[in-house]
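Read in the UniProt record's numbering, the sequence shown has 180 at position 180, and its numbers run on one by one without any break. Note that the Cβ used here is the ideal one computed from N, Cα and C, for glycine as well. Read through the structure below, which is laid out as structure tokens, and then see the notes.
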Amino acid sequence: MVEAPGGRTRYAELVAMNSGIWQAQSELRLKVINEFNPQFSWQWQTPYRLRINLSPSQIVGEVLNTQGQVLWRRGYALDNVPIVRSGWLALNVQGMRVTFSDAKQTTHESEAVAVRDLGQAVVVQDKSMGNMKLATLLATELKGLGIKTETARLDNLADPEWWQKAEAGIVVLPNGKRLPAVAKEPLTEFLRQGGKLIVFGAPLFDEPMVRTGRGTGGVGREWVSMQEMEAVRKQTKPQRFLFERLDENELRRWQHHASHPDVADRISLEPAHELRFVTHSLRMDFSLKGWAIFTREFDKSPFPQGHSLTCFWAKGAPQTKSLLVEWREADGTRWFAHVPLTTEWRLIVLSPRDFVFRQDSPTRGKRGFAGDRFNPQNAKALVLGMEAPMPTGNHTIWVAGIGTAPDPFGETSVDFVPPTVEALAPAYKLYPLPIAAGTKQSSSLQIAGVGKVVLPSDSVAPVPRWRGFGFTNGERVVRWQPILTVADDKGVERGALVWLVRCASLPYLHASWLVFGSADETFWLKNRQVVQTALKRTLNEWRNGVWLLEAGTDRFTAYINEQVKIGAVVVNDTETSREVSVRFAVIQNGQVVHERTEAVKLNGRSSATVSYDLPSLTAGKFLVRVGLLSASQVVDELQHELVVTERPKVTDADKITVKDGHFIVRVPRPSSPAPEERCWFAFGINYWPRYVAGKEQSDYWRHWLDPTNYDPELVEQDLLILREMGMNCVSIQYTNLRQAMPLRDFLRRCHEHGIKVNLFIAGAHPLHFQPELARQLIEAADLANQPAMFAYDLAWEPRWGNYGERRRHDSEWRIWLAEQYGSVENAERDWGFKLPRDEKGNPTVPRDEHLLNDGEWRVMAAAYRRFLDDFISRKYRQVCRFIRKLDPNHLLGARTGYGGGPFGAESAFPFDHTAGAKHLDFVSPEGWNLGWLGQANEEQFARAAFITAYARWAGKGKPVFWAEFGLTLRHGAFSLDWYRDTERLQSQAQLYEAMYRLMKVSDADGAMGWWFPGGYRADERSDFGIVNPDGTLRPAAEVAKRWSEILTNLPLEPVSHPSPPVPIRIDRDENARGPMALWLKHGDEVAKLVREGKQVMLVTDGTGKTSDDCPEVAVGNTPWSSGKPPKFLNGEINALWVSVDGQNWQEIVPEVLSDNLPVVRLPTVDRIFLRIELGNTGEVAWLPPNECSKRMRGVVVRINVNGGTTVEVSIPRRVEPFADVLLDNIAVPLFKTANALTVTVRLYWCDTSFGERGQFSLQR
């Protein structure tokens, strides 16, 4: 909620939908035209002023301090962008209670809404809808159940006044897929009034209909679906050809462009003997490496007035499945379409609505907004070619008869977006039943009471939704009930063919819909008894009017003596007050161990909550059953399992540890007290339950572990599927304290199934560390004691961002330069390059071009990458030390692979794998630079062995855990065809096959695919899942099942190779692009070695060296001298403690790269004692001076006070890279003064400081 200054005006923020896009205000990007100080950061407890200026041409926001000084400014142009004027309230609250008094509403008589009567129903019966016999049957059945029934036609549904005047509380749609598009608003308004729907066929409005000036037969005026219009449109042949003749002169007008200039693409003429209308075709041969196009420009638009269709014939070679067609307008706007090809000539017809705005158009921000379309009268150039996701290699495309034609339906056009009605529309709420494609499932299924049937081809089931299990104090808004389910030959349920949804909150408060998942009239007439049973049950529930929204306990796993709440939310849909009772029962082994009944009084159209604290239960499994009684009869019931258990403990057998660069599990041996050590490969998936598919963004981002969304029974089914696939690990998220109780239940179930959990935890990001939140999350879910836990995932794809984002760390960069070089000026002299300056003349971080291109700034770029490593390492140190104190039992990692990590989304500047590797237990790359939309490329995956080797090098031999990889079936607007795209399903399987092979040949330690649930992810417009919503395995899951036998049974000792790993010498500093340059330089070399069956390892000039014999080179490969950071030596001060007596110690916790020194207050003494823990973050081992050829090449620590007296202490032993060493009881003399003293601790080598500087202020 937003309050205007003065508090007199309040309004709600809106979440808008524009052309089917939720959060449209975020999707419709505006052009930034006025920006000041983009690196501005908020300061806690500081008041600010906010000023927003809005004009017809722009909107400008400013943040000012209380004196009126502008601290930040950003403006956006409003060029031709649709303004969001309506939407849903955007509230993000944990709880709310509102009371109204003296509320009045005045309506004009014409706007008054009729009272909906559940004793009356309207059955739609119209030839254009179809299913006339089914409509007659339904009317008969409803009359037999005591419902007054009348019929209506599609014309009635299209008339808003008809809806207002109708008194019926039930509307029956014998084919809910075929409805007038204009009926969407009145129909959803009917639901908002609490109306009830009976629908056959889904999704709702799947075939939106319009009245046209002609029927599909060419005469008359009738209701025609958009699909029928499109079918007629697709038969339209060109009426005017673009080219008078196809000859060599015409070929010369086509210009070639490609992502790789060295390709041998060509365009030529070839006879088109199979076609009657043209004599020649354009033949395009491609050697595809990325994208390739041929462009033909026109002096003026080739579309005559009244023509809008692009028509041509096309075909492709067997391996060529798609053609890119693009029109470019005179203003530069680009519109593209991908046309599927076969090996036979096909007529292709494209209307303006078939073309998609290309986001890199020069008119972005001015064109491409919702409702904008390709304008044929403005066409300037035609583009034909190929682009991703087509596989690389040789391709051939033939195109003939390119021309234009008028649209047979003229200006009739419908920009239709279906309503959002849970479990009914849009199509992404559903899945085909059976799915069959790509699975081992039979096409026939079992229906209880009916037997084995072959379902109609249009059968669908809803992705499971909220079933009401558990008590969340009424936070759920919908309850979904499967009425009739179907099962496979093994008795496994595969979905609901008939289902009921009841609503208890806005927007469809007290509405309900009964859905039959097919519009096949013959099937339902044949199975009339199924229809009768479902109608009778549902109508009884509707007329009774009271029901349970949710019921049960507030957790599904409880510890002994832990307080558990039990409750229920009862809803009354009727206008009259009701008195009911709720009976709670807790049952163990068939015996009721607790029972209680509560009376509930409900006002009309309201809900009530009843709850109480459950008495303590002994350990065991219980059935919680909650019944709703009206007139002593049970009218609704919910039940679920509750497990009461001892607080868990982590044993040695539960722990995953690291040894010799691999994950190890210790398995007890009956014959020996010493456990057996086995290699443990983390073989799993990023897990979200199947029921998240098709959820709206608000529901999805509330998270599946939120109590409102968590369904333990469905999660249990998923865990069984995971074990069927042989998976032993899942990666999940934990972001909110509300998720703690569901997470505990999930972890218990995982432990019972032998599945380990890699858990992302909020608040642990090194740049945004929130220690109190992290502590609360760990303690709330008792994570330290959870045996199913494997590791914490501290940061989710961290990245630095572009220049504007990276400037947030200008201050730390300057402090680091002073720490390492003595001053910015010293650094710039070493680099031979000046840093960019801000408006005040202060040095800033490098610009993007300095890191994305090699150049004279190379040495500076190398220093900046070293700064990033140091900064993040010290930040991760804080996070890791904090979490390890709370939980010493589990490992720590971070998925460092945004867009493929430093080898993929280079311009977003993901963290390098070197960042923080010293403090993490394993390194976690991702595979998004290996393809997520296209097909698996064997060469690319052979190259990817470099990534495993790089991660192994960055972690100094630590395990390499691939945190994400995957392939979406498609991307963009959803259709149910996605589920049956066998080609894309096979492409996904090929990618998984290639990734698992990569794991084996590169000696990786974990492979976590992205992700488990098949189905549409609405916010991302993708489907990366490997398990269908019905629980059947997609081909990729079958691949995983086969590879689980290999990867989870790897020997502890690696199988010896005929030859040792081949060393490849790398140098991140030799090119300003850093890791990306290494990937480009060494990828082919690695691929060749992998194909030869060899393993690789990466080394540097410092590998295997010590401080005694390492090269004297500075960062950036300049000659080292005093005052420069040595390239191969680096270190941190992990911890500092101070004492006045050498016995009682106080830890000093400094800020990272900050001028704010920690303050230590001590009594007046003449000396202090220090305890220092050092960490080697460099490439070479440290030696003490007495082990070096020259003492000065040994590593020592020097401590000085106010730059005066210095105490020097040698390290006591050799310290390997990433190892630690403790220096204890160092006496430091102090001189007498009443002023504060600054104590500085530095590492020294060759009489020069290196690594982190530790400082604190000593005050008496």
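- In the three-state scheme derived from DSSP, where H, G and I count as helix and E and B as strand, residue 1036 is classed as helix.
- In the structure shown, the three-state DSSP call for residue 1251 is strand.
- Counting only runs of at least 4 residues, the segment 521–568 fully encloses the following alpha helix (DSSP H) elements, listed from N- to C-terminal order: 521–526, 528–544.
- Ranked by how close their Cα comes to the Cα of residue 562, the residues 578, 675, 741 have 741 in first place.
- Around residue 850, the same chain offers 857, 861 as residues with beta carbons nearer than 6 angstroms, after the five sequence neighbours per side are excluded.
- Taking residue 1112 as the centre and dropping the five residues before and after it, the same chain places the C-beta of 1120 closer than 6 angstroms to its C-beta, in chain order.
- Taken atom to atom, the span from the alpha-carbon of residue 539 to that of residue 307 is near 53 angstroms.
- As summarised for the segment 572–606, the continuous beta strand (DSSP E) elements at least 3 residues long and confined to that stretch are 578–588, 591–602, given in chain order.
- Less than 8 angstroms divides the Cβ of residue 1254 from the Cβ of residue 1150.
- Shown here, residue 248 sits in a helix according to DSSP, grouped into three states.
- Spanning the alpha carbons of residue 645 and residue 48 requires a straight line of approximately 51 angstroms.
- Residue 1062 and residue 955 have their C-alpha atoms roughly 18 angstroms apart.
- Residue 1136 is positioned such that its CB atom lies no closer than 8 angstroms to that of residue 816.
- If you draw a 10 Å sphere on the C-beta of residue 264, you find fewer than 16 other C-beta atoms in it, and that means exposed.
- In the three-state reduction of the DSSP assignment, residue 811 falls in the helix class.
- The closest CA to that of residue 143, considering only 658, 1223, 123, 158, is found on 123.
- In its chain, beyond the 5 residues on either side, 518, 520, 523 have a beta carbon closer than 7 angstroms to the beta carbon of residue 456.
- The C-alpha of residue 1013 is placed about 12 angstroms away from the C-alpha of residue 969.
- In this structure, DSSP gives residue 922 a state outside helix and strand, which the three-state scheme calls coil.
- The secondary-structure analysis by DSSP pairs residue 425 across a beta bridge with 421.
- In its chain, beyond the 5 residues on either side, 898, 899 have a beta carbon closer than 7 angstroms to the beta carbon of residue 905.
- By the CB criterion at 8 angstroms, residue 1185 and residue 1196 fall inside the cutoff.
- Boundaries of the beta strand (DSSP E) around residue 679: 672–679.
- Residue burial is scored here from C-beta neighbours: residue 793 has at least 16 other C-beta atoms within 10 angstroms and is therefore classed as buried.
- A residue is called buried when at least 16 other Cβ atoms come within 10 angstroms of its Cβ; residue 273 does not meet this threshold and is exposed.
- One alpha carbon belongs to residue 1076, the other to residue 177, and they sit about 51 angstroms apart.
- In this structure the segment 774–782 does not lie against the segment 807–825, because fewer than three pairs of beta carbons, one per stretch, are closer than 8 angstroms.
- Residue state for residue 262 is assigned as coil, using DSSP reduced to three classes.
- Scanning its chain for C-beta atoms nearer than 8 angstroms, with the 5 sequence neighbours on each side dropped, one finds around residue 433 the residues 445, 455, 459, 460, 461, 486, 494, 495, 497, 517, 1030, in chain order.
- Nearest neighbour of residue 1216 by Cα position, chosen from 1180, 1206, 1234, turns out to be 1180.
- Contact annotation: residue 1165 and residue 1080 have beta-carbon atoms that are not nearer than 8 angstroms.
- For residue 156, no beta strand (DSSP E) encloses it; the enclosing alpha helix (DSSP H) starts and ends at 154–157.
- Exposure of residue 257 is indicated by the presence of fewer than 16 other C-beta atoms within 10 angstroms of its C-beta.
- According to DSSP, residue pairing for residue 669 in a beta bridge involves 672.
- Under the 8 angstroms Cβ criterion, the segment 750–763 counts as touching the segment 718–731, having at least three qualifying pairs.
- DSSP, reduced to helix, strand and coil, places residue 712 within a helical segment of the structure shown.
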